[in-house]
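Chemist:
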Amino acid sequence: MSGVLRTLFSTLLLLLTATALSASEIQALTSDDKPLSVQQWMRYDWNASSGKPGTARFEIVQGKDGAQLQIVAAAPNDARFVRELSVEPDTVYRFACLARSENVGSAARGAGISVAEIQDGSPDIKGSGNNWQLLEFYGKTGSDQKKLSVTVGVGGYGSLNSGTVRFRDVTVAKVSSAPAGIRVASLQPPAVTAPAPVGRVRAGGAVIAALGCIGVLLACWGAIIRRRGGNIGEWAPDETDPVAAPHKKVELVDITVMAALSVACLLVSLFNLGGHIAPETGWQSTAAGESVTINLGREVDLSRIYYYCGINDSSGDGSQYSIAALNPAGAFVELASFNKDDVGVWKYSEVTVRTSAVRLTADTPGGRLNEIAFVEKGSRIPLTDLKIVKGELSGADRGKTKSLIDEQSSFEFAPSFRTGFYFDEIYHARTAWEMLHRIEPYETTHPPLGKLLISSGIAVFGMNPFGWRVVGALFGVALVPLMYLFGLKLFRNRYYAFCAAFLMTVEFMRFAQSRVAVIDVYGVFFILLMYYFILDLFPEKGESPRRSTNLTLLLAGVAFGIGAACKWIALYAGCGMVLLVILRTAAELRQRNYPAMYGMAGFLLRRIGVCLVAFGVLPALIYLSAFLPYLALPGPGHDLTGVFRLQAHMLNYHRTLQATHPFSSPWWSWPLDLHPIWMYTGAGLPDGTASSIVSFGNPAIFWLGIPAVATAAFLAL
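Residue 635 in the working numbering sits at position 81 of the sequence shown, and the numbers go up by one each step.
(1) Could you tell me which residues DSSP pairs with Tyr1234 in its beta bridges?
(2) State yes or no: is the C-beta of Ala1119 within less than 7 Å of the C-beta of Leu1125?
(3) How big is the Cα-Cα spacing for Ala1066 and Val1248?
(4) Closer than 8 Å is the cut-off here; do at least three beta carbon pairs connect the segment 664-679 with the segment 711-731?
(5) Are the segment 1029-1044 and the segment 828-842 in contact at 8 Å, needing three or more beta carbon pairs?
(6) With respect to the alpha helix (DSSP H) encompassing Ser1068, which residues constitute its N-terminal and C-terminal limits?
(7) Would you identify the three-state DSSP class for Lys618, choosing helix, strand or coil?
(8) I'd like to know whether the C-beta atoms of Phe1217 and Val1197 end up nearer to each other than 7 Å.
(9) Using DSSP with H/G/I as helix, E/B as strand and the rest coil, what is Ser703?
(10) Among Tyr1148, Asn1206, Asn866, which one has its Cα closest to the Cα of Arg992?
(11) Taking Cβ positions, are Thr847 and Val929 nearer each other than 7 Å?
(12) Taking just the CA atoms, how far does Ile1260 sit from Arg1144?
(13) Have a look at Phe1045, Glu853, Ala813 and flag the residue whose alpha-carbon is nearest the alpha-carbon of Pro882.
(14) Taking DSSP as the reference, what is the three-state secondary structure of Leu1269?
(15) Using 8 Å as the cut-off, can you tell me whether the segment 1147-1158 makes contact with the segment 979-996, which would need three or more C-beta pairs spanning the two stretches below that distance?
(16) When you compare the CB positions of Lys1121 and Gly1170, do they come within less than 7 Å of one another, or not?
(17) If we ignore side chains and look at the alpha-carbon of each, how far apart do Glu656 and Val738 end up?
(18) Assuming Val887 is part of the alpha helix (DSSP H), what are its boundary residues?
(19) Tell me the residue span of the beta strand (DSSP E) that contains Asn924.
(20) If you follow the beta strand (DSSP E) that Arg722 is in, where does it begin and where does it stop?
(21) Grouping DSSP H, G and I as helix and E and B as strand, with all else coil, what is Ala841?
(22) May I ask which residues mark the beginning and end of the beta strand (DSSP E) holding Gly666?
(23) Find out if the Cβ-Cβ distance for the pair Arg913, Phe886 is shorter than 7 Å.
(24) For a test of the three-state rule: what should DSSP assign to Gly829, helix, strand or coil?
(25) Determine the closest residue to Asp808 out of Phe1052, Met1154, Glu1094, with distance taken between C-alpha atoms.
(26) Do you know how far the Cα of Leu1033 is from the Cα of Met1058?
(27) Leaving out five residues on either side along the sequence, give the residues of the same chain with a beta carbon under 6 Å from the beta carbon of Ala1110.
(28) Pull up the DSSP beta-bridge partners for Val626, would you.
(29) Under 7 Å between the Cβ atoms of Gly1011 and Gly1021?
(30) Just to confirm, is the Cβ distance from Gly872 to Asp895 under 7 Å?
(31) Could you check whether Ala610 and Asp619 sit closer than 7 Å to each other, using their CB atoms as the reference points?
(32) Using the three-state DSSP reduction, which class does Asp855 fall into: helix, strand or coil?
(33) If you draw a straight line from the alpha carbon of Glu713 to that of Ala662, how long is it in whole angstroms?
(34) For Thr1210, is the classification buried or exposed, using 16 other Cβ atoms within 10 angstroms of its Cβ as the cut-off for buried?
(35) Between which residues of its own chain and Val905 is the CB-CB distance below 8 Å, once the five residues before and five after are set aside?
(36) Check the DSSP bridge columns for Ser740 and list the partner residues they point to.
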C-alpha cells in the first residue's frame, strides 16, 4: 500500500472513531438586597427545546404583593426564568426569593432558585400553599468567574415536574461570608472548574501523570524492540510480488496479551455495574379511583414513602397517585400525592405522620408501580410485616396488588444508578424490555438491533441494572482485543498493537458509554470491525491476501449492516469505507492489477456488482431483519409499510431535533474534548459525599490525538 493511501486510511480511522441562554442586558451585583426587576428575564423550557409536547407558560403577573414571575407547567418539565448577571471572582453571594407553589408534584424537584449549569440551589417547595416561603442559598464564584445565570423555576435537570409556581423579590447580593453552619455551593460550572489551589492534588492531573509514566515505559519498550531488530513492517508497493508469502497468524503471545488486557478491562467494567435485583412484578390500575390499603403491622412515625416506577404504555406516563394515612379516628386523611412520570427508578415522598395503615389511590389510571416501601423516622431500612388488607379494584387491572410489597429486598434508601435507570436508559433499556415482552416500543428514533442486544442481557439476568447493562459492558471490553488485532494488522508489530489496545483500555468514553444501557457502543464496535476487514484490501509486501477481495467486501458489508441496524452512526463510517474501496479499485485499474480474462470493463463491472451486494443488498437485508420483532407485534401498522414509516420518522426526528440542555455542546467541539456530558448525579447522600457520572474522552488521548490527526492529514496531501 502506498504511503498516501496508508496515511489517508489512518486519518479516516481517527476521524471516524473519534440553545445557549443569554440575556439582553447583564446586570452588575452589589452588596445590597435590592430585588431584581421582573423585566429582562429569559425563558428556558426543556419540553419546547426538545420538541416535546407540554410547553410551559411564562407570565409576569400583578398581585397585591407586587409584580411576580409565574410559570404554569401543565406537563412535567424543567421550566425556568433565567437572568444573566456579572459577578466578581472568589466572592460569596446570597441568592434568595419568595415563592409559592400550586399542585407541584412531590416526586421531583419543585420550585426553587438556583444557578444555571450547577446542581446546587435552594431547598425546593412542592404541593400547594397560600403563603409565601423564603428560599435561599449561598454560593462562591470561581477564581476567574465573571458572570453567572440565576434561575427560578420548577423541575430540574433529570427531574421534571409540573404545577404552577410564583416568585417575587428575587435578590442576589454579595456578602462577606455565609452564616455559621450554612454550606456554600460552588457557582463555577463543572465544565470549567477552576484549577485546584496550590498543594492540592487533582484526580484528573494524577491520572494524566500516571498515563505519562506508562507512556515513558512504552517508549522504553519500543526502543528495546527496535534495538533487537523489530520494525513496523514494510508497506507493499502498488504492484504485488509475483510470489507471495502466506500471511502471519496470530500467535500465542498475542492471545496472551489480549487476554490479559481484556481480563483487566472486564474486572473494572463489571465492578459496581449495577444491582442484580430490582422490582419486576407490580400493579397497574386501569380506572380512576382504584385504591389499595397497606397495613404497616404497627403504629409508626413515617418519614418517607418510596415507590418504584414500573414500565407502562405511554398513556400511563404522568398518571397521578394520592396517599392517605389512617388517623386515630379511623378515617383516611390525604397525606401526599405524586405524578408517576418516570420508569425504572425508586422515588419517594417525604411525610410526617403517625399511622398504622396507608391507602394508595390511582387518581388517573395507567401508571404501573412495581413496589412500595415505608421508612419510619430515624431509620434507613423499610418496614417489614406489610400486608395488603383490601382494595377497590376493577377486573381489568394488570398485575396483582400483593406484588407491591413482595420485593422489599430491592429497596435502596438513597436511590441511585445501582437500582434504577439513569441517562438515556429511560429510552433504550425500557424499549429493550418492551421488545422482550412484545409491547409497542417506546423509543423509535433509532434502529432496534442495539436495543435487542440489551434485551438479551435482560432475558438472561432479569430486568435489573446488571441485566440491562451487562451486554454493553461486554461489547466495551471486546473493543480492546479488537483494537489489538486492528493494530497488529495495520502496523505488523506487536508493540504498536499493544499500544493501540492499551489506549482503548484507558479511554474514558469507552468506559462510561459501555456501562450505561445505550446503543452507541454497539455501533462503534461494528464500525471498527468493518474497518478491520477493509484493511485486508491493502496487503503488505510479500503477503498473500488473507482471503479473496469479494469475501473481504462481503464481511465488511455484514459488519456495516449490523452497525447500521444498531445506530445510524455506522452510515457515516460507511462513507469512509466506500471511499477506501474506490481508491483501492482505482489503484488496481491504474496498475492493470486484474485478471486479463475480464478486461478493465469486466473487472470494474464485477467490482461494482460485488459492492452493490456487499454494501447495499446485504446490509439492507440485515437492517430489515432487525425489525422482525416489530413485525411480530400484535395490532395494525406492524408491517413493511410501518417499518418504512419508522425510517421517515427517524430521519425527521434527527433532522429537526433542537434539544438543548446545560451540558450540551456543538458537534465541532466534540473532538476537542472541551465539554463533558453529565449523565448522572446522586441525590440524598450524606453531607460531604457526592456521586457523579460524566462521559468525556481521555484528555491524554484526545488532546495528543489532535496533532496526530493533523500530521496524518498533512502527510496524506
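Virtual Cβ for every residue (Gly too), placed ideally from N, Cα, C.
Modeler: From the atom records:
(1) Looking at the DSSP assignment, Tyr1234 forms a beta bridge with Ile1247.
(2) It is not a contact, given that the beta carbons lie outside the stated cut-off.
(3) Ala1066 and Val1248: Cα-Cα distance of roughly 7 Å.
(4) Between the segment 664-679 and the segment 711-731 there are three or more inter-stretch CB-CB distances shorter than 8 Å, so the stretches are counted as touching.
(5) Here the segment 1029-1044 does not lie against the segment 828-842, with fewer than 3 beta-carbon pairs under 8 Å apart.
(6) Start and end: 1062-1068.
(7) The three-state secondary structure of Lys618, taken from DSSP, is coil.
(8) Against a cut-off of 7 Å, the Cβ pair of Val1197 and Phe1217 comes out as no contact.
(9) The answer is strand: DSSP assigns Ser703 an E or B state.
(10) Comparing alpha-carbon positions, the option among Tyr1148, Asn1206, Asn866 lying closest to Arg992 turns out to be Asn866.
(11) Not in contact: Thr847 and Val929 (Cβ atoms no closer than 7 Å).
(12) Using only the alpha carbons, I get a separation of about 34 Å.
(13) Checked all of Phe1045, Glu853, Ala813; the closest Cα to Pro882 is Glu853.
(14) Leu1269 falls in the helix class under three-state DSSP.
(15) In this structure the segment 1147-1158 does not lie against the segment 979-996, because fewer than three pairs of beta carbons, one per stretch, are closer than 8 Å.
(16) The criterion of a C-beta distance shorter than 7 Å is not satisfied by Lys1121 and Gly1170.
(17) Distance between the alpha carbons of Glu656 and Val738 is about 29 Å.
(18) Going by DSSP, Val887 is part of no alpha helix (DSSP H) but of the beta strand (DSSP E) stretching over 886-894.
(19) It spans 922-930 - the beta strand (DSSP E) in which Asn924 sits, taken as one unbroken run.
(20) 715-729 is the span of the beta strand (DSSP E), which, as asked, contains Arg722.
(21) The answer is coil: DSSP assigns Ala841 none of H, G, I, E or B.
(22) Counting along the chain, the beta strand (DSSP E) containing Gly666 begins and ends at 665-669.
(23) Closer than 7 Å, so yes.
(24) It is coil, neither helix nor strand.
(25) The shortest CA-to-CA distance from Asp808 to any of Phe1052, Met1154, Glu1094 is the one to Phe1052.
(26) The straight-line gap from Cα to Cα measures roughly 7 Å.
(27) Excluding the 5 residues flanking it on each side, Ala1110 has same chain C-beta neighbours closer than 6 Å at Met1084, Phe1087, Ile1088, in chain order.
(28) Bridge partners of Val626: Arg611, Thr718.
(29) Yes, Cβ-Cβ distance for Gly1011 and Gly1021 is below 7 Å.
(30) The Cβ-Cβ distance between Gly872 and Asp895 falls below 7 Å.
(31) Contact: no.
(32) Asp855 sits in a strand when the DSSP states are folded into three classes.
(33) Position check: residue 713 holds Ser in this sequence, whereas Glu was assumed. Rounded to whole angstroms, Ser713 to Ala662 spans 5 Å at the Cα level.
(34) Here Thr1210 is exposed: its Cβ has fewer than 16 other Cβ atoms, across all protein chains shown, within 10 Å.
(35) Here Val905 has Leu856, Ser857, Arg858, Ile859, Ile877, Ala879, Leu889, Ala890 as same chain residues with Cβ atoms under 8 Å from its own Cβ, once five neighbours each way along the sequence are excluded.
(36) Ser740 is bridged by DSSP to Lys694.
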